[in-house]
Amino acid sequence: MPRRRDYGSRNYQHQRNHNGYDTRATEATHRRDVLRRTSKETLKVIPVITRQLSPSINVYHSTKPSCEDLPRLHPRYCPAFPERASIRVLNEDTLNTAIQISQVMRTGGINPRVHDPRPLIINFASYKKPGGGWLNGAVAQEEAICYRSSLAVSLDERDYPVALDEAIYSPSVVVLRDDMASGHRLLFPHTPAKDL
């Protein structure tokens with residue numbers, strides 16, 4: 055015999071607001087609406103920011119290399135770092151962590167021989183849709199990066215679907231917002247475009 059729902063239970067009452075609507079569903083709908091507006095605003099502000107960047111920074115550019123396209127690294131070009139790589143697993147926002155690493159790199163704190171302080175981010179992205187569901191308010195790693203940066207404008211429909219041995223490389227992604235926990239506050243114009 056199927057169990058009957060106990061509508062008088064504390065758990066059921068907790069999930070309903072004073073109008074009888076499911077609170078979690080209402081919150082999820084509100085969050086999606088806010089994120090949809092955030093995505094539209096992000097797309098609107100990117101051209102304004104890019105006009106103020108150096109011409110060498112093209113946020114609209116990406117390439118789609120595959121394992122077959124890339125040559126193997128010749129041993130003589132191996133960086134031969136004197137110390138082993140240090141690996142840490144963090145439960146952090148991807149872009150917050152990249153910004154922290156970039157700041158350490160700029161001060162020469164990790165390896166003074168490295169001249170480019172930009173960290174490489176591996177984005178576990180949708181293989182079939184540019185930006186995943188970011189225009190519809192979805193929340194996953196790729197969407198979180200798109201809400202906060204120029205990544206979405208570097209992704210082109212013609213590069214999809216992405217095969218298992220392929221990747222999309224976007225070399226110039228500009229971070230233009232705080233993280234979701236901080237309300238996705240726009241950093242620009244308070245922070246000059248060149249400092250983003």
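Numbering-wise (our numbering), the sequence shown opens with residue 55 and increments by one. Even glycine gets a Cβ: it sits at the ideal position worked out from N, Cα and C. Here the structure is a predicted model, which means the values were calculated and not measured.
Give the DSSP-derived three-state secondary structure of residue i in the structure shown.
| i | result |
| --- | --- |
| TYR223 | strand |
| THR117 | strand |
| PRO109 | coil |
| ARG130 | helix |
| VAL158 | helix |
| ILE153 | helix |
| ALA139 | coil |
| ASP147 | coil |
| ASP249 | helix |
Between the options, which lies nearest to residue i when the distance is taken from Cα to Cα?
| i | options | result |
| --- | --- | --- |
| ASP147 | MET234, ARG239, LEU240 | MET234 |
| ASN177 | LEU189, ALA194, PRO171 | ALA194 |
| LYS248 | THR80, THR77, GLN106, THR96 | GLN106 |
| SER236 | ARG202, PRO225, ALA179 | ARG202 |
Sorted by chain position, which residues of the same chain lie with C-beta nearer than 8 Å to residue i's C-beta, five sequence neighbours on each side aside?
| i | result |
| --- | --- |
| PRO184 | ALA206, LEU209, ASP210, GLU211, ASP213, TYR214 |
| GLY191 | ARG85, ARG86, ASP87, VAL88, LEU89, ARG90, SER93 |
Contact criterion: CB-CB distance below 8 Å. Does residue i meet it with respect to chain C?
| i | result |
| --- | --- |
| THR83 | The structure shown contains no chain C; it holds only a single protein chain. |
Identify, in the order they occur along the chain, each residue of the same chain with its Cβ nearer than 6 Å to the Cβ of residue i, setting aside the five sequence neighbours on each side.
| i | result |
| --- | --- |
| SER204 | ILE100, VAL113, VAL227, VAL228 |
| THR117 | TYR223 |
If you drop the 5 nearest sequence neighbours on each side, which residues of the same chain put their C-beta closer than 7 Å to that of residue i?
| i | result |
| --- | --- |
| GLY187 | GLU197 |
Since residue i and residue j should fall inside the 8 Å C-beta cutoff, what is the C-beta to C-beta distance between them, to a whole number of angstroms?
| i | j | result |
| --- | --- | --- |
| SER152 | PRO173 | Reading off the sequence shown, one finds Ala at residue 152, where the question assumed Ser. Their Cβ separation, rounded to whole angstroms, is 5 Å, which keeps ALA152 and PRO173 in contact under 8 Å. |
What I want to know is whether the C-beta of residue i ends up closer than 7 Å to one or more non-hydrogen atoms of the ligand ZN.
| i | result |
| --- | --- |
| THR245 | No copy of the ligand ZN appears in this structure; indeed no ligand is present at all. |
Q. Fully enclosed by the segment 72 to 105, which beta strand (DSSP E) runs are 3 residues long or longer?
A. With a minimum length of 3 residues, no continuous beta strand (DSSP E) run stays inside the segment 72 to 105.
Q) Could you give the uninterrupted runs of the alpha helix (DSSP H) lying entirely in the segment 182 to 244, keeping only those of 4 residues or more? A) 195 to 202, 205 to 208
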